[in-house]
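*Asks:*
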Amino acid sequence: MQLTFLGTSSMMPTKERNPLATLLEFKGESILFDCGEGTQRQFKIAGKSIAKIRRICISHWHGDHVLGLPGLLQTYAAAQTGNELDIYGPRGTLRHYKAMMDGIEFEERLKVNVHEVGDGVFFENSNYKLEALPLKHPVPCVGYAFTEKDRRRIKPEFVKKLGEGPLLGELQRGKSVEFKGKKITPSVATVKVKGKKIAVITDTRWTKNCLVLAENADILVIEGTFANKLKDKAEDYAHLTSLESAQIASQAGVKKLILTHFSARYKDTDEILEDARTAFPDVVCAYDFMKIKL
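When the sequence shown is numbered by the numbering used here, its final residue is 294 and no position is left out of the sequence of numbers.
1. For residue 23, which of helix, strand or coil comes out of DSSP?
2. Assign residue 43 to one of three DSSP states: helix, strand, or coil.
3. Taking the C-alpha atoms as reference points, what is the distance between residue 280 and residue 6?
4. Mind checking who residue 113 pairs with in its DSSP beta bridge?
5. Touching or not, the segment 213-220 and the segment 252-268, by the rule of three or more beta carbon pairs under 8 angstroms?
6. Whose C-beta lies closer than 8 angstroms to the C-beta of residue 28 among residues of the same chain, with five residues either side of it excluded?
7. DSSP on residue 161, reduced to helix/strand/coil?
8. Measuring alpha carbon to alpha carbon, tell me which of 4, 141, 9, 2 ends up nearest residue 268.
9. Looking only at its chain, what residues have a beta carbon closer than 6 angstroms to the beta carbon of residue 197, apart from the 5 residues adjacent to it on each side?
10. In terms of alpha-carbon separation, which member of 62, 233, 76 lies closest to residue 44?
11. Do you know whose CA, among 134, 94, 60, 31, lies nearest residue 206's CA?
12. If you draw a straight line from the alpha carbon of residue 167 to that of residue 173, how long is it in whole angstroms?
13. Using the beta-carbon count (16 or more within 10 Å), is residue 236 buried or exposed?
14. Could you please give the first and the last residue of the uninterrupted beta strand (DSSP E) stretch that includes residue 285?
15. Would the beta-carbon of residue 112 fall within 9 angstroms of that of residue 88?
16. Would the segment 119-131 and the segment 92-102 be scored as touching if the rule is three or more Cβ pairs under 8 angstroms?
17. Please report the Cβ distance between residue 85 and residue 50, rounded to the nearest whole angstrom; I am assuming they are in contact, meaning their Cβ atoms lie under 8 angstroms.
18. From the DSSP output, read off the bridge partner residues of residue 241.
19. Under 8 angstroms, with one C-beta from each stretch per pair, do the segment 31-39 and the segment 174-184 reach the 3-pair mark?
20. Would residue 138 be called buried (16 or more neighbouring beta carbons within 10 Å of its own) or exposed?
21. Counting along the chain, where does the beta strand (DSSP E) carrying residue 134 start and finish?
22. Check residue 171 in the structure and name its three-state DSSP category.
23. Use the C-beta contact count for residue 157: other C-beta atoms within 10 angstroms, 16 or more gives buried, fewer gives exposed.
24. How far does the beta strand (DSSP E) with residue 95 in it extend, from its first residue to its last?
25. Hey, how far is the Cα of residue 47 from the Cα of residue 177?
26. In whole angstroms, what is the alpha-carbon distance linking residue 234 and residue 82?
27. Select from 22, 132, 14, 188 the residue whose C-alpha is nearest the C-alpha of residue 290.
28. Using only the alpha-carbon positions, how far apart do residue 18 and residue 192 sit?
29. Would you mind stating whether residue 142 and residue 96 have Cβ atoms separated by less than 9 angstroms?
30. On the DSSP letters alone, give me the boundaries of the beta strand (DSSP E) that residue 274 sits inside.
31. How is the alpha helix (DSSP H) around residue 189 delimited, first residue to last?
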């Protein structure tokens with residue numbers, strides 16, 4: 001599992017930062033959170049495959065979060081993967097997506113399923129689930145949480161004993177097996193490994209849903225648009241300061257905090273980082289192409 005930050009700026013790009021986009025790679029597929037202008041070029045620079053995207057999670061329809069969609073989808077279609085693509089977003093997403101794409105002619109066909117989300121778990125399979133809840137912004141906006149399912153790891157002595165084969169798979173699925181006339185149970189032969197959780201929250205004022213999404217997350221990716229001395233501006237534009245984001249991380253029991261979505265006014269993130277560390281010690285400021293392995 002790996003996070004790659006493809007864009008870390010807020011409304012305007014800078015020489016160092018593209019508008020917002022965050023990529024999560026997991027078990028051979030990719031989930032993209034937001035798609036700012038120029039995101040497909042960021043994929044190329046980062047050496048990531050657009051064709052591996054299966055889901056795009058849009059927080060809201062302000063331009064700096066979606067203007068990269070048409071180009072990225074055109075490239076995805078040209079790749080002719082044969083895969084369907086699911087796009088998720090808040091209330092109004094169906095209307096916004098149609099309005100955006102009606103003005104563009106695609107040479108290649110692409111099956112896109114568009115979903116409006118924001119009331120809890122909206123996707124789940126055997127490996128992970130995705131959850132969305134409303135945030136507090138002037139337009140409909142949602143935050144997301146990705147939660148990996150718990151899994152079973154075979155104890156080394158049983159790997160050696162049973163060898164490679166279907167018995168190991170049965171144990172990992174939580175089923176007992178028989179070996180040389182003896183029953184082996186998952187509780188004896190395996191160790192349960194708790195799945196990882198990643199929350200992605202941006203463009204909001206404080207709301208209890210921030211805490212719900214971030215609760216016990218291994219990583220919280222959240223906006224640090226302004227330093228705390230610009231709290232009034234954060235309130236005016238419905239954003240969080242880095243200190244407020246750190247306070248959310250602390251209250252939610254987060255393990256690691258990653259700040260992103262920085263105002264273009266900042267030439268560096270020193271002040272933003274310093275503010276956050278007064279409330280939460282394990283914090284870093286993301287930069288374009290930063291990678292985090294879990």
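Even glycine gets a Cβ: it sits at the ideal position worked out from N, Cα and C.
*Replies:* If we stick to the structure as given:
1. strand
2. helix
3. 24 angstroms
4. 86
5. yes
6. 52
7. helix
8. 9
9. 147, 217, 218
10. 76
11. 134
12. 10 angstroms
13. exposed
14. 283-285
15. no
16. no
17. The Cβ separation is near 10 angstroms, so there is no contact.
18. 226
19. no
20. exposed
21. 128-134
22. helix
23. exposed
24. Note, residue 95: premise wrong, no beta strand (DSSP E); alpha helix (DSSP H) at 93-101.
25. 43 angstroms
26. 43 angstroms
27. 22
28. 40 angstroms
29. no
30. First-last for residue 274: 270-277, but that is the alpha helix (DSSP H), not the beta strand (DSSP E).
31. 186-189
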